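Q:
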Amino acid sequence: MERHTPSVVAYVVWHPSFERGASLARQLFTFLNRDLEDPEARAIGIPVYFRSAPLSGGALPPDITPAPDTLSFVILLVDRRMGEDPRWRTYIESLLARLPTGHVLACVFTRVTPELGPAFGRLNSVRLLPDSVPEAEQPQRMLHEVSHALSRLLLHPPQLPLGQLPPPAISLFVSHAKRDGLRFAEALRGYILSHTQGGVFFDTTHIAPGFPFDVQIFTGIARSALIVIKTDAYASREWCLREVIEAKRHARPIVVLDAVQKGEERSFPYLGNVPTLRWMPPPEDPQDPVKSRERLEQSTQEACRALVDLTVREVLRAAFFTREIEHLKALYPFLAQAKVLPRPPELLTALHPERGAPAPPVIYPDPPIGDEELEVIAPYHGAALTPVLLPGFLHGLKPQEPLLDKWTLGISIGNPEPEELTALGLSEENVREVTIECARYLLAHGARLAYGGNLSPGGFTEQLITLVHRHNRAGGTPYRRLENHLAWHLHQGLSEDSEDRAMSVQTVRVSLPEDLRSSGGEPRPPFDAYTRTRCMTAMREHMNSAVHARVVLGGKLVNYSGRWPGIIEEAYLLLKAGKPLFLLGGFGGAAGWLARVVRQEMQEVPVLPQARQQDLADLGGEYARHGRQGLEGTDLTEALAFFRQVSPSDFRNGLEPAENDILLRTTSLSEILSLLIKGFARLASGSGEPVAGRKSSR
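No gaps in the numbering here: position 323 of the sequence shown is 320 in our numbering, and each next residue is one more.
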């Protein structure tokens, strides 16, 4: 069975005593993977894992074991303590011995004494010492060096004759109009040569006499990233426009610096659909020409740095996407005939050489473009797909056909205990990423999501709303594709939803359970533990009746509130109703415990702190006082007994036993998303409707 494993994985390694290590690691996660605070921002999508916090009872983080067919790239954030700790020296030596040359990039922030072993001493590190690089500039330099090194590795595997030579540097082609763009272009060329390892194609110095200049230009473009210096005269220059068209025909990365000052008679129509920076030179001061020149030089240098950084990131984005699609061909054979684009399709990319032949499918990075663009290019393009749409397309669905438009899917999520995440080699960022991306994929396929969350600003509910807004526009589907279920005690005193929220979210305010309505009326705050627990169970029962299936991951297993961990209660209610369950156990927590129980690897309930045991005993007494026994109790032993009788075939989720076994263990986002959509596609193709709720025989 082919597995949807990642083609590239990045690891960030730092000593836990390095105070800036965690902050720098998060910046690398945001840069290489995605901005978790802005789920709709364009992302590269490289999986990133952290290695710093020691395993429980140990002194070192989890090991890094490169997987077959996956490029493992390690970024070492080196400070003094890493070099002084003999255990970390052994850890780094072992790491370097297992990874191929060029797969480890060391960023050194302090002088390291003693050395981290002879293998480390041979590496040419990125030196970010305070006496040479100001601390405020170190993150930007680090990100640039990482993106350039990883791009080189993806584009050209290292050559390994005697000296283990590095792959070629990135080539940058500077396209400009000489009339008003030459000065900035020369400044950019100087910046590239003096501040980066990139090569630069500059027509004044790189076109050899005696040879056809057009062949040299087109050859340079075909192997470079194109930087366009867009000035007032640019769109009126024939060769500038030909350079842009040639770059798009070869699907080369393109970045534009918009330096138009007065205006253009006619803007070039094919210069869009690419990242753009705006730059205006600072106004001159006639009274102080020296200061004016200094301001211009500083502004030019800052623009050059931003432009080069953005271009190198675009190169990395394109290189990773191309490698990822190549990696996916084993799962999706039709990709062998697809046209791979590093950016969304447009009319220019719809051109293909074989007139009259069927247009091949086009694969481009997520997120999918909206219907308004698809309608324009549809007559000229083949199927326009992103990775998010591949599983459904494989099962015969067209990109515009929603796979899950009749489904309401529950999402049960939560962060496990930090210690458990560390033991698994994971971080909170990994849990948030898989949660956001699962929601994105389900929404992109037309699903309606149900979530029992809170309404606090900045929480997961807000991120879901952002995704709903995006996919309402992209898919043309109705608003209010998110149900936010609130237990009675949580919505007391809350105001009505704002108009903006109400357009995307249907807030379901669950009623007070009947058994809590006493002769004295409704309970009043502060609500006791029994009232809160009963209200949460009532909310989950109400939500369970509304969903057709549920995706479960993470969740507290020790420091939870309520009779059972919420994840476990929601999974239990769903299986009792005979509805499909997708259990993601690789991230630990309550879902991880359930996965181990189902796989017959766990035969006991979790050990709780003494104080928590007393709280549950008191809560159990309240249940007994109210005459509620059996499965309404608070003892997880009953949950253990139930789930020990469950096998993956009881999940009814369309996946084969071997596929469910992978879903119970994997932490690979690409593999999780592939299995989710595969299961839903099988369910949908079997009946065309959501699976009706069926009573379990258990």
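Think of the CB as a built atom: it goes at the ideal place given N, C-alpha and C, for glycine as much as any other residue.
Please read all numbers here as calculations on a predicted model, not as lab measurements.
Under three-state DSSP, which class holds I410?
A: Here residue 410 refers to the residue found at position 413 when the sequence shown is read from its first residue. In the structure shown, I410 sits in coil (DSSP, three-state: anything other than H, G, I, E or B).
Q: Taking the alpha-carbon positions, what's the A741 to S424 distance?
A: As shown, the chain starts at -2 and ends at 695. That puts residue 741 outside it, with no answer to give.
Q: So what does I226 bridge to, in DSSP terms?
A: Counting from one through the sequence shown, the residue named residue 226 turns up at place 229. I226 pairs with H173, L254.
Q: Please state whether DSSP places G627 in a helix, a strand or coil.
A: Walking along the sequence shown from the start, residue 627 turns up at place 630. Residue confidence is low: G627 scores 45 on pLDDT, short of 50, so the model does not pin down where it sits. No coordinate-derived value is stated.
Q: For R560, which of R108, L633, N270 has the nearest alpha-carbon?
A: Along the sequence shown, one-based indexing puts residue 560 at 563. Closest option to R560, Cα to Cα, is L633.
Q: CB Y527 to CB N481, shorter than 7 angstroms?
A: By 1-based counting over the sequence shown, the position of residue 527 is 530. By 1-based counting over the sequence shown, the position of residue 481 is 484. Not in contact: Y527 and N481 (Cβ atoms no closer than 7 angstroms).
Q: Is the beta carbon of L400 closer than 7 angstroms to that of F390?
A: Locating residue 390 in the sequence shown gives position 393, counting from the first residue. Locating residue 400 in the sequence shown gives position 403, counting from the first residue. Cβ atoms of F390 and L400: not closer than 7 angstroms.
Q: Looking at C532 and A608, is the spacing between their C-beta atoms short of 7 angstroms?
A: Residue mapping note: residue 608 aligns to position 611 of the sequence shown, counting from 1. Residue mapping note: residue 532 aligns to position 535 of the sequence shown, counting from 1. No, the Cβ-Cβ distance between A608 and C532 is not below 7 angstroms.
Q: Extract the residue ranges of the beta strand (DSSP E) inside the region 115 to 139, only unbroken runs of 3 or more that lie entirely within it.
A: none
Q: CA-CA distance, L652 and M536?
A: Here residue 652 is taken as the residue at index 655 of the sequence shown, counted from 1. Here residue 536 is taken as the residue at index 539 of the sequence shown, counted from 1. Cα to Cα, L652 sits roughly 29 angstroms from M536.
Q: What does DSSP give as the partner residue(s) for Q503 in the beta ladder?
A: Taking the first residue of the sequence shown as position 1, residue 503 is located at position 506. As DSSP reads the structure, Q503 sits in a beta bridge with E480.
Q: Does the contact criterion of 3 or more C-beta pairs under 8 angstroms hold for the region 259 to 277 versus the region 227 to 244?
A: yes
Q: By how many angstroms is the C-alpha of V312 removed from the C-alpha of G160?
A: On the sequence shown, position 163 is the one that residue 160 refers to. On the sequence shown, position 315 is the one that residue 312 refers to. The predicted position of G160 is uncertain, since its pLDDT is 44 and thus under 50; no value can be drawn from it.
Q: From E235, H247, S233, pick the residue whose C-alpha is nearest to that of R220; which is it?
A: Locating residue 220 in the sequence shown gives position 223, where the first residue counts as 1. Closest option to R220, Cα to Cα, is H247.
Q: So which of R234, L169, G407 has the shortest CA-CA distance to G178?
A: Within the sequence shown, residue 178 is the residue found at index 181, counting from 1. Ranking the options by Cα distance to G178, first place goes to R234.
Q: Does DSSP classify G585 as helix, strand or coil?
A: As a position in the sequence shown, residue 585 is number 588, starting the count at 1. If DSSP states are grouped into helix, strand and coil, G585 belongs with coil.
Q: Quick check: the Cα distance between P376 and A356, rounded to an integer number of angstroms?
A: Walking along the sequence shown from the start, residue 376 turns up at place 379. Walking along the sequence shown from the start, residue 356 turns up at place 359. Rounded to the nearest angstrom, the two C-alpha atoms are 10 angstroms apart.
Q: Would you report the Cα separation of A38 and Q24, rounded to the nearest angstrom?
A: Position 41 of the sequence shown, counted from the first residue, corresponds to residue 38. Position 27 of the sequence shown, counted from the first residue, corresponds to residue 24. About 15 angstroms.
Q: Cβ of V544 within 7 angstroms of Cβ of I564?
A: By 1-based counting over the sequence shown, the position of residue 544 is 547. By 1-based counting over the sequence shown, the position of residue 564 is 567. No, the pair does not count as a contact, with Cβ atoms beyond the cut-off.
Q: Going by DSSP in three states, F47 sits in which element: helix, strand or coil?
A: The sequence position of residue 47 within the sequence shown is 50, counting from 1. F47: strand per DSSP, three-state reduction.
Q: Taking only three categories from DSSP, how would you classify S69?
A: Residue 69 sits at position 72 when you count from the first residue of the sequence shown. Strand.
Q: Using only the alpha-carbon positions, how far apart do S542 and V502 sit?
A: Walking along the sequence shown from the start, residue 542 turns up at place 545. Walking along the sequence shown from the start, residue 502 turns up at place 505. Looking at the two C-alpha atoms, the distance is approximately 18 angstroms.
Q: State the DSSP-derived secondary structure class of L15, mapped to helix, strand or coil.
A: Translated into positions along the sequence shown, residue 15 becomes position 18. The amino acid occupying residue 15 in the given sequence is Phe; Leu does not appear at that position. Three-state DSSP puts F15 in coil, outside helix and strand.
Q: With N725 and F584 assumed to form a contact (beta carbons below 8 angstroms), what rounded beta-carbon distance in angstroms separates them?
A: The requested residue 725 is not part of the displayed model; the chain covers only -2 to 695.
Q: Rounding to the nearest angstrom, what Cα-Cα distance links R124 and T107 in this structure?
A: Start at 1 with the first residue of the sequence shown, and residue 124 comes out as number 127. Start at 1 with the first residue of the sequence shown, and residue 107 comes out as number 110. About 8 angstroms.
Q: Does A333 come within less than 7 angstroms of chain D when only Cβ atoms are used?
A: The structure shown contains no chain D, having only a single protein chain.
Q: Exposed or buried, N657, counting other C-beta atoms within 10 Å across all chains shown (16 or more means buried)?
A: As a first step, residue 657 must be located in the sequence shown, where it is residue number 660. By the neighbour-count rule (16 or more Cβ atoms within 10 Å), N657 is buried.
Q: Taking just the CA atoms, how far does A638 sit from S644?
A: Counting from one through the sequence shown, the residue named residue 644 turns up at place 647. Counting from one through the sequence shown, the residue named residue 638 turns up at place 641. Near 13 angstroms, if we compare the C-alpha coordinates of A638 and S644.
Q: Based on DSSP bridge pairs, tell me the residues matched to A7.
A: Taking the sequence shown and counting its residues from 1, one reaches residue 7 at position 10. In DSSP, A7 forms a bridge with V45, F70.
Q: Near R17, which residues of its chain fall below 6 angstroms by C-beta distance, leaving aside the five closest residues on each side in sequence?
A: Taking the sequence shown and counting its residues from 1, one reaches residue 17 at position 20. Correct list: empty, nothing qualifies.
Q: Check the C-beta distance from A40 over to T2 and give it rounded, since I have them as a contact under 8 angstroms.
A: Looking up residue 40 in the sequence shown gives position 43. Looking up residue 2 in the sequence shown gives position 5. The Cβ separation is near 19 angstroms, so there is no contact.
Q: I'd like the span of the beta strand (DSSP E) that includes A447, first residue to last.
A: For this step, residue 447 is matched to residue 450 along the sequence shown. Element bounds for A447: 445 to 448.
Q: Do you know offhand how far L152's Cα is from E243's?
A: Indexing the sequence shown from 1 puts residue 152 at position 155. Indexing the sequence shown from 1 puts residue 243 at position 246. Their Cα atoms are separated by approximately 20 angstroms.
Q: For the 8 angstroms Cβ check, are there 3 or more pairs between the region 71 to 82 and the region 426 to 444?
A: no
Q: If you draw a straight line from the alpha carbon of R249 to that of P339, how long is it in whole angstroms?
A: In the sequence shown, residue 249 corresponds to position 252, counting from 1. In the sequence shown, residue 339 corresponds to position 342, counting from 1. Roughly 8 angstroms separates the two Cα atoms.
Q: Compute the Euclidean distance between the alpha carbons of N121 and A184, then round it to the nearest angstrom.
A: Locating residue 121 in the sequence shown gives position 124, where the first residue counts as 1. Locating residue 184 in the sequence shown gives position 187, where the first residue counts as 1. Rounded to whole angstroms, N121 to A184 spans 28 angstroms at the Cα level.
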